[in-house]
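Q:
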Amino acid sequence: MRNDDIVLIQRVLSGDAIAFEHLVRKYQKRVHTLAWRKIRDFHVAEDITQETFLQVYQKLETLEDPTRFPRWLYVIADRLCIAWLRKNQRHIEPLEDADITEVETEAYSRYVASEYAKTFAEARRDVVEELLAKLKEGNRTVITLHYLEGMTYAEISSFLGVSENTIKSRLRRARQQLKKYKFMVQEALDITIDREHRSRKHLNGDFGMRLTFQRDELLCSLQVLQSIASGQDTSPIPANVLIHAEGSTIECMATDMEIGIRMKIEGTVKEEGAIVVSAEKLEDIVKAWPAEKPIDFTTTDDRVEITGQEDVYRIIGLPDKEFPQLPSFGEEAFAIDGETLRSVLYKTEFAASTEKKRRFLNGLYFNLFEDRTEVVGCDAKQIAIAHCEPFKLSGESDGFIVPLKAVKEIERSFANSPEVKISRVEDEILFADEHATLTARLIDAEYPKYEKLFPESPEIRIVVQKEPMLCAIQRISPFLDKKCPAVCLEIDEQQIRMSPRGSDPDVKHETLAVESSTGSIRIGFDTRLLIEILTHIETESLMMEFSGELEPATVTPLGKEGHICLIMPMLLES
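The numbering of the sequence shown is the working numbering, which starts it at 50 and goes up by one.
1) Give the DSSP-derived three-state secondary structure of Q275 in the structure shown.
2) If you draw a straight line from the alpha carbon of F208 to that of T201, how long is it in whole angstroms?
3) Who are the Cβ neighbours of I216 in its own chain at under 7 Å, not counting the five residues just before and after it?
4) Determine, using beta-carbon pairs with one atom in the segment 513-522 and one in the segment 572-589, whether at least three such pairs fall under 8 Å.
5) Going by DSSP, name the residue or residues bridged to S526.
6) In its own chain, which residues sit with a C-beta less than 6 Å from the C-beta of I277, not counting the 5 before and 5 after it?
7) Within a Cβ cutoff of 7 Å, which residues of the same chain sit near T567, ignoring the five residues on either side of it in sequence?
8) Which residue spans inside the segment 292-377 form an unbroken alpha helix (DSSP H) run of at least 4?
9) Could you have a look at G426 and say whether DSSP puts it in helix, strand or coil?
10) Helix or strand or just coil, what does DSSP make of F91?
11) Looking at C-alpha atoms only, which residue of Q514, F503, S548, P504 is the closest neighbour of I525?
12) P606: buried (16+ other C-beta within 10 angstroms of its C-beta) or exposed?
13) Quick check: the Cα distance between I616 and I67, rounded to an integer number of angstroms?
14) Give the list of continuous beta strand (DSSP E) stretches no shorter than 3 residues that lie fully inside the segment 496-571.
15) Assuming contact is defined by CB atoms lying nearer than 7 Å, are V393 and V424 in contact in what I supplied?
16) In or out: A400 buried (at least 16 other Cβ within 10 Å) or exposed?
17) What residue does the beta strand (DSSP E) around F415 start on, and which one ends it?
18) Can you check whether the CB of S565 is closer than 7 Å to the CB of V512?
19) To which residues of the same chain is E110 closer than 7 Å at the C-beta, ignoring the five residues directly before and after it?
20) Compare the beta carbon distance of F574 and V604 with 7 Å and say whether it is the shorter of the two.
21) Does any heavy atom of the ligand SAM sit closer than 6 Å to the C-beta of K313?
22) Kindly indicate the opening and closing residues of the beta strand (DSSP E) around R391.
23) For K470, report the span of its beta strand (DSSP E) as first-last.
24) Here's the rule: buried if 16 or more other CB atoms are within 10 angstroms of the residue's CB, otherwise exposed. What is F418?
25) Go ahead and pull the three-state DSSP assignment for N465.
26) By DSSP's criteria, S590 is part of a beta bridge. Which residues make up the other side?
27) What are the boundary residues of the beta strand (DSSP E) that includes I434?
28) Checking 7 Å against the spacing of the C-beta atoms, do V469 and I385 come in under that value?
29) With a threshold of 16 other CB atoms inside 10 Å of the CB of S569, please say whether the residue is buried or exposed.
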């Protein structure tokens, strides 16, 4: 039972309808599968699934132990199935006797294909269903969950509320019972009844891709891929990763339809191939894998078998053709020092807006000049600009906006890269080093004319040490009004007096000497914004410039060009 179930249950009980939708999406398919195996009617199973979650919603507050939620859910579904069977005492009719209009409904059409081959495969599955019906209820359930749903021992154990050893015992007994029908079952469902069948398929050359990984190498890559694969797109692809092996190279890819990443992974290629698998499920398996054990990765049709000595996991995959093709680098690419790229992103990322209404500000703007590139982060209250060498992108002179999520992935994926290559392909930007390529769809919008906000001739300049000023503001922060956390700066030629917004003489205040000053001013700033800006200044001293108490101020590192921040003032009480 995962901790996220407990969190979702707590949110549901507090009235969060979206949390309940997450629970339904997580368990709906499993509940429907169990109901379908018992009832043998797709539509009735849908009705029972719906009724199950209705009762869950109504009775959730009666669940004393949230860690038992999967078992509790299964019991509700099981009781509803038993009640339906008792009421209807229905027998299974052959397919040819069924009402053709009922068969052709939208829901059932997902299981009955029009082509002869698929119809034949479905009929063959019906035979296997009859064989599975010969098993005891507990054994049939674990066979269904393990082979048809691709659930691991741990997942079945959590779902049914019994130990993993019990699950393994039930599977072993079920295999023994089905052994005399093994080839029929294997051909229909790709269930391995014994190890002999696996050897037979290997000798016949029926295996697809065969790879071997070291656990830590694979896990490190999957964690990066999962951060992208867990996007909000509703199609199945963003929940999956593509694993592709060709020659001696293994690549993994993930995308959320806006950002994509291709990573090279260390491993041994025994047979080439490709498959799309669940990112979350694969990461969970690898995360629990002993670090010292190598991982053997084998594909057969649309299934993946992950083995290591006695450990065997199977998950269902998709054909690699279902995965969208990620763009590749053109012939010309611009190379930038990795540390320089990370530096300009760090100095500007914090200032970018996260408000969805301001989509054109939800990223960093790369403004291309002949002698430099300006990287800009901006929201309604602050601007941060950092300069680097000019980007020499083939045929491109216009600036572009890289989404904030892509910026964070660039920092993560190329955290230690000595050099990063950059290329633009139509409406996408590509970043790459020797091991990874990240693509991002650019934000299609016009960036505001930020240059006009900077004062042309500031009247007052002060120089102050960064750390003492930052510490003084942080000490004042607990005394600020939470609804309007403004700090008042009273500046003269010798010092800065910092205090919370207001005029109470007994209120907490800090005094800080200035290194130099050209005038006096009283001005207020949002404390959180000022702290953020000071934190991203990389020199010991900084310069602040002012044009008036209602005009924006600028902050620059002293003696270091190529970095400037702007902060809007807050109105102070008179």
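The beta-carbon is built from N, C-alpha and C at its ideal position, and this holds for glycine as well.
The structure displayed is predicted, hence computed values, not measured ones.
A: Here's the rundown:
1) The sequence position of residue 275 within the sequence shown is 226, counting from 1. Residue state for Q275 is assigned as helix, using DSSP reduced to three classes.
2) As a working mapping, residue 208 is identified with position 159 in the sequence shown. As a working mapping, residue 201 is identified with position 152 in the sequence shown. For F208 and T201, the distance between alpha carbons rounds to 10 Å.
3) Taking the sequence shown and counting its residues from 1, the one referred to as residue 216 is at position 167. Within the same chain, I216 has close Cβ partners V191, Y202, I205, S206.
4) Under the three-pair Cβ rule at 8 Å, the segment 513-522 counts as touching the segment 572-589.
5) As a position in the sequence shown, residue 526 is number 477, starting the count at 1. S526 is not bridged to any residue.
6) Start at 1 with the first residue of the sequence shown, and residue 277 comes out as number 228. For I277, same chain residues with a beta-carbon under 6 Å away, outside a window of 5 residues either side, are A303, D305, I308, I310 in chain order.
7) Position 518 of the sequence shown, counting from 1, holds the residue named residue 567. Around T567: I509, R510.
8) Listed in chain order, the complete alpha helix (DSSP H) runs (minimum 4 residues) inside the segment 292-377 are 328-336.
9) For the purposes of this step, residue 426 is identified with residue 377 of the sequence shown, where counting begins at 1. When DSSP states are grouped into helix, strand and coil, G426 belongs to the strand group.
10) By one-based count along the sequence shown, residue 91 stands at place 42. Of the three classes helix, strand and coil, the one that applies to F91 here is helix, per DSSP.
11) The count along the sequence shown starts at 1 and reaches residue 525 at position 476. Measuring C-alpha to C-alpha distances from I525 to each of Q514, F503, S548, P504 identifies S548 as the nearest.
12) Within the sequence shown, residue 606 is the residue found at index 557, counting from 1. When all chains shown are included, P606 counts as buried.
13) As a first step, residue 616 must be located in the sequence shown, where it is residue number 567. As a first step, residue 67 must be located in the sequence shown, where it is residue number 18. Computed Cα separation, rounded: 37 Å.
14) Those beta strand (DSSP E) runs which fall completely within the segment 496-571 and span 3+ residues are 509-514, 535-540, 544-549, 559-562.
15) Along the sequence shown, one-based indexing puts residue 393 at 344. Along the sequence shown, one-based indexing puts residue 424 at 375. Taking 7 Å as the cut-off, the Cβ atoms of V393 and V424 count as close.
16) Counted from its first residue, the sequence shown places residue 400 at position 351. Buried: at least 16 other Cβ atoms inside 10 Å.
17) For the purposes of this step, residue 415 is taken as residue 366 along the sequence shown, with counting starting at 1. Its beta strand (DSSP E) spans residues 412-417.
18) The residue given as residue 512 occupies position 463 in the sequence shown. The residue given as residue 565 occupies position 516 in the sequence shown. Going by C-beta atoms, V512 is nearer than 7 Å to S565.
19) By one-based count along the sequence shown, residue 110 stands at place 61. Excluding residues within five positions, the ones whose Cβ falls inside 7 Å are L62.
20) Taking the sequence shown and counting its residues from 1, one reaches residue 574 at position 525. Taking the sequence shown and counting its residues from 1, one reaches residue 604 at position 555. Inclusion of F574 and V604 in the CB contact set at 7 Å is not warranted, their separation being larger than that value.
21) No copy of the ligand SAM appears in this structure; indeed no ligand is present at all.
22) Position 342 of the sequence shown, counted from the first residue, corresponds to residue 391. Run containing R391: none in the beta strand (DSSP E); it sits in the alpha helix (DSSP H), 387-398.
23) On the sequence shown, position 421 is the one that residue 470 refers to. Residues 468-474.
24) One-based indexing of the sequence shown puts residue 418 at position 369. Exposed, since its Cβ has fewer than 16 Cβ neighbours within 10 Å.
25) Walking along the sequence shown from the start, residue 465 turns up at place 416. Under the three-state reduction of DSSP, N465 is assigned to coil, being neither helix nor strand.
26) Position 541 of the sequence shown, counted from the start, is the residue given in the question as residue 590. Q514.
27) On the sequence shown, position 385 is the one that residue 434 refers to. 431-437 is the span of the beta strand (DSSP E), which, as asked, contains I434.
28) By one-based count along the sequence shown, residue 469 stands at place 420. By one-based count along the sequence shown, residue 385 stands at place 336. For V469 and I385, yes; Cβs fall inside 7 Å.
29) Counting from one through the sequence shown, the residue named residue 569 turns up at place 520. S569 comes out exposed.
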